[in-house]
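Chemist: The sequence shown maps to residues -20 to -1, 1 to 307 in mature numbering (1 follows the signal peptide of the UniProt record, and there is no 0).
Every residue gets a Cβ at the ideal spot worked out from N, C-alpha and C, and that includes glycine.
Small disclaimer: the values here were computed from a predicted structure and weren't measured.
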Amino acid sequence: MKLFAVFQLLALAGLPVGRAGSSHPAVVARDFDPNRLASDGTWSKFKCKGEQLMQAMKGSDQEAAKIMNLPAAQSVWSGDLKGELLQWGYVEGHASYINCDLKGYWAVESACIALGLDTRPKLMGGPNICYNFLHWDPNKKDGKGTPIPNTKQTYNVGGKEYRVTGAEMQIGINPVGGVVFMQYVTSPATSAANVWNKKPTQDELPALRRLSDIMWGAWNRENSAIDKIKYFWVQGVGNTNTKSIIARALKEKGKGLEKWPGTTLDMSEDGALAILGSENGACWGFFLAQHKKELGNMFIEKVQIFKNNRNANPDPDLLFHIKQAVA
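1) Hey, out of A173, Q150, E259 and V175, whose CA is closest to V71's CA?
2) Assign residue 341 to one of two classes, buried (16 or more other C-beta atoms within 10 Å of its C-beta) or exposed (fewer than that).
3) Looking at F286 and E238, is the spacing between their C-beta atoms short of 8 Å?
4) Are the CB atoms of G30 and G257 within a distance shorter than 8 Å?
5) If you follow the alpha helix (DSSP H) that R228 is in, where does it begin and where does it stop?
6) Taking contact to mean 3 or more Cβ pairs, one atom from each stretch, closer than 8 Å, check whether the region 121 to 138 and the region 94 to 109 are in contact.
7) To the nearest angstrom, how far is it from the Cα of A45 to the Cα of V56?
8) Does DSSP classify N293 as helix, strand or coil?
9) With a threshold of 8 Å, are at least 3 pairs of Cβ atoms found where one atom belongs to the region 190 to 199 and the other to the region 135 to 146?
10) Can you look up L253 in the DSSP assignment and give me helix, strand or coil?
11) Per DSSP, which residues does Q150 bridge with? Please list them.
12) When you compare each of A52, P180 and A269 to A169 by their alpha carbons, which one comes out closest?
13) The alpha helix (DSSP H) spanning I280 covers which residue range?
14) Would you kindly work out how many angstroms separate the C-alpha atoms of Q182 and I47, rounded to a whole number?
15) Between the Cα of P186 and those of A36, W116 and E249, spot the shortest distance and give me the residue it belongs to.
16) Just the C-alpha distance for G216 and P296, rounded to the nearest angstrom, thanks.
17) When you compare only the Cα positions, how much space is there between K83 and E89?
18) Which residues in the same chain as N289 place their Cβ atom closer than 8 Å to its Cβ, once the five residues preceding and following it in sequence are excluded?
19) Within 10 angstroms of its Cβ, does Q304 collect 16 or more other Cβ (buried), or is it exposed?
20) Please report the residue range of the beta strand (DSSP E) in which K38 lies.
21) Closest to V250 by C-alpha separation, out of N277, K282, F267 and T220, would be which residue?
22) Among A227, Q284 and F279, which residue has its Cα nearest to the Cα of Q32?
23) Candidates C80, Q270 and I255: which alpha carbon is nearest G105's?
24) Keeping to the same chain, check which residues put their C-beta closer than 7 Å to that of Q67; ignore five residues upstream and five downstream.
25) Quick one: what's got a C-beta closer than 6 Å to F212's C-beta in the same chain, skipping five residues either side?
26) Whose C-alpha, out of D246, L114, Y77 and G96, is nearest the C-alpha of Q298?
27) Distance, Cα to Cα, K273 vs G96?
28) Looking at the secondary structure, which residues open and close the alpha helix (DSSP H) in which F267 lies?
29) Quick one: what's got a C-beta closer than 8 Å to R228's C-beta in the same chain, skipping five residues either side?
30) Shortest alpha-carbon distance to K120 belongs to which of N112, N130 and F113?
31) Under 8 Å, do V165 and L191 count as touching if we go by C-beta distance?
32) Mind checking S2: buried by the 16 CB within 10 Å criterion, or exposed?
33) Compare the Cα-Cα distances from C110 to each of A205, R201 and G261 and report the closest residue.
34) Got a sec? Which residues, its chain only, sit under 7 Å from I206 by beta carbon, not counting five neighbours each side?
See the structure below:
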């Protein structure tokens, strides 16, 4: 239980996972190094977390709660969370339609064709919708019209004043194809440490702070079939730990980072479990394990690792495949 408690904190951390250039319609290549491998300790830690998440996803709510050391596994957050996000200091920032252009911007047309997914953003007639949740208001000004920096912005809940954290969560949703995209994420805890120049305590952070819950709110918008989810897609993994785990998982399979279809790992494999337990995989496990009431006992059955169609050396994408457990 102590190990999973650590895992819960990790899931809240949500370290940056990817940022695409805003001035040019191309994803910025960074530094995926196939020779930078996860250490034995890192590998073992994340693999163990992945194993526990698999148990939580496949088990009942009571079993999942026991694994996660909670009174109940079901999340207290439900629905589209529009009011709750506003209450806890979040603002919906501008989300460019370009970020939901899977062909022109992300260059993953081959993957989309194979999966039967439309590449177009909603503005261009497609089903892909982007959201940008900010835990600060870039347009907030004082009485003289002077912009207020995020270091000085506050909000009030229940008579208590909180500081904004500066967190940013850029998320994509395809309700028709059943996909949730993780594009760029910094968590309240990670951002607060940078903005406040100190490590935040839990009671200083917004109650609504888990990436899995905010993803759930986005998934519930403009979506009449929330139980038809098929894929979790991480676009351009930037997290150093996750990339080292991916590099080791590929090496153990005798593979390199390749274009679609890349390399598929079943969840019975150590590499898949380590990826699931990573900063870029854990939120998906919580997403499913904590919404059994709405989704049933869905679980992740495999993960594909691949790079986009460009000839540069971009960071890897991760595609988690979702399956309903047999009753």
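Modeler: Once the coordinates are examined:
1) Ranking the options by Cα distance to V71, first place goes to Q150.
2) The structure shown does not extend to residue 341, since the chain is modelled only from -20 through 307, so no value can be given for it.
3) yes
4) yes
5) That run of the alpha helix (DSSP H) goes T220 to E232.
6) no
7) 13 Å
8) coil
9) no
10) helix
11) N112 and Y164
12) For the residues A52, P180 and A269, the minimum Cα distance to A169 belongs to P180.
13) Note, I280: premise wrong, no alpha helix (DSSP H); beta strand (DSSP E) at M278 to F286.
14) Straight-line Cα distance between these residues: approximately 21 Å.
15) W116
16) 5 Å
17) 5 Å
18) A87, V88, E89, S90, K239 and W240
19) exposed
20) No beta strand (DSSP E) holds K38; the alpha helix (DSSP H) holding it covers D20 to K38.
21) With the sequence shown as reference, residue 250 is identified as Asp, and Val is not the correct amino acid for it. Out of N277, K282, F267 and T220, K282 has the C-alpha closest to the C-alpha of D250.
22) F279
23) C80
24) V137
25) V160, W264 and F300
26) The residue asked about is misnamed: residue 298 is Leu in this sequence, not Gln. Among D246, L114, Y77 and G96, the Cα nearest to that of L298 is on D246.
27) 28 Å
28) Going by DSSP, F267 is part of the alpha helix (DSSP H) stretching over A262 to A269.
29) L17, A18, W23, G251 and A254
30) K120 has its Cα closest to that of N130, out of N112, N130 and F113.
31) yes
32) Residue confidence for S2 is low, a pLDDT of 32 falling below 50, so the modelled location carries little weight; the figure read from the coordinates is stated next. It is exposed - the Cβ of S2 has fewer than 16 other Cβ atoms within 10 Å.
33) For C110, the nearest C-alpha among the options comes from R201.
34) W199, N200 and E274
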